[in-house]
Amino acid sequence: MLQCTSLSFRFSAERNTYIWCTYGTQSVYCKSAVSAAIFEVHQMMLEDEDYLEAIHNMIRTEMVNAEYAVAVTGDNFSEMFASMDDDYMKARAADVKDISNRLVQNLMGQEGMDFTSMEPSIIVADDLSPSETVQMDKEKILAFVTVHGSANSHTSILARMMNIPALIGVPMELNEIHTGMKAVVDGFRGEVIFEPTEDICEQAGERIREEQEKQRLLETLKGKENVTLDGQKINIYANIGGVGDVGYVLENDAGGIGLFRSEFLYLGRDDFPTEEEQFQAYKQVLQTMAGKKVIIRTLDIGADKQVDYFNLGKEDNPAMGYRAIRICLKQPDIFKTQLRALFRSSMFGNLSVMYPMITSAEEVKEIYAIVEEVKKELDGMQIPFKV
């Protein structure tokens, strides 16, 4: 995605520098489920005993007001997350800071920034919080460019869900950005160009028109049968990483889900997801797809998807080593938990199960043996399934 536009300038001394552009727009939106999932994390933080106790203790022992205690605790917890080695946990530093800033704002009776009058804009900032992002009129945001942040931040996730170009971690001197500047934000190449030449603007405009034409042609295919010119019917399925992606599958008229990457249920947490947690996730996807094919892949942890609580250790060639089905066969309790959840969910839709990274017939035999064990367990507990 790419945007080229002229800009006007606004500065907020409170935290960020913004650029507001004066023309050009595209329709963008944020699925409520995505926003809700992100703010569920905020809700969990507000209920965290360590966070709350730190605030209460500071008020009691240092005799400070609540606003000060929340602000200092937020800074402390944010620094703690930022110092962690895990990239996902580092990204949570911005969430903690956002939560604390919002609490202080509410305690002081202050209103947030008014985004209702915002013109179609490329937003340039030191950083953006999720609560700031979701308050903006999504139809008026052309792009995000920030100095700080990460691809794992919730602001980045929101940008992807809203189909907005977003460049994160761009070195910029914000004080040098002024009213009347022009800019090109190129999400394909990962670059922002201030004061582009006329040639660059023309090239950007041409690429934008090409992308818009591609999108228009794709839109015309919605609701039509997927048949080749020689009459061969084909299935066009979508890949997803979680329950929140199902809305896009339906919106884009996919014939089903060709790959549900179940390992994302295991990422970003301190312990294994329970059978019930997995069951509810699989069940929701199957119910929502209303009989359309859903292929769920058993966990593919390892290689580039490392999870501390799996204790996988270091490998010279992790992509070909101890990962995916080999973990499941070596640690069958983990595998059985997932299989029970999958089989239970099969009663709610059209489920197929994919086993990743098979290297031998012996592995297939081991898988079938464990599958039969799980089916006998479910039969013994009189739990129905149909896979």
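Note that the working numbering gives residue 241 to position 194 of the sequence shown, counting from 1, and the numbers run on in steps of one. Quick reminder that beta carbons are idealized off the backbone N, C-alpha and C, glycines included.
- ALA388 carries a helical assignment under DSSP once its states are collapsed to helix, strand and coil.
- ILE342 has its alpha-carbon roughly 43 Å from the corresponding atom of ASN123.
- Counting along the chain, LYS423 sits inside the alpha helix (DSSP H) bounded by residues 408-427.
- With 16 or more other Cβ atoms inside 10 Å of its own Cβ, ARG391 counts as buried.
- Counting C-beta pairs with one atom in each stretch, the stretch 277-290 and the stretch 302-320 have three or more that are closer than 8 Å, which means they touch.
- When the alpha-carbon of MET127 is set against those of ALA141, TYR115 and ALA116, the nearest one is in ALA141.
- CA-CA distance, GLY270 to ASN397, rounds to 21 Å.
- Remark: C-beta atoms of LYS433 and MET394 approach each other more closely than 8 Å.
- THR335 sits in a helix when the DSSP states are folded into three classes.
- Counting every other CB atom within 10 Å of its CB across the protein chains shown gives GLY121 a total of 16 or more, marking it as buried.
- Under the three-state reduction of DSSP output, VAL192 falls in the strand class.
- Between MET336 and VAL293, the beta carbon gap of about 7 Å places them in contact (Cβ cut-off 8 Å).
- Beta-carbon to beta-carbon, LEU386 and GLU413 are separated by about 13 Å, too far to satisfy the 8 Å threshold.
- In the three-state scheme derived from DSSP, where H, G and I count as helix and E and B as strand, MET105 is classed as helix.
- Between the beta-carbon of TYR313 and that of LEU389 there is about 14 Å, and that puts the pair past the 8 Å contact cut.
- With fewer than 16 other beta carbons inside 10 angstroms of its own, TYR415 counts as exposed.
- Excluding its 5 nearest sequence neighbours in each direction, GLU323 has C-beta neighbours in its own chain below 8 Å: ALA388, listed in chain order.
- In the structure shown, the three-state DSSP call for SER147 is helix.
- Note on GLN325: 16 or more other CB atoms within 10 angstroms of its CB, so buried under the neighbour-count rule.
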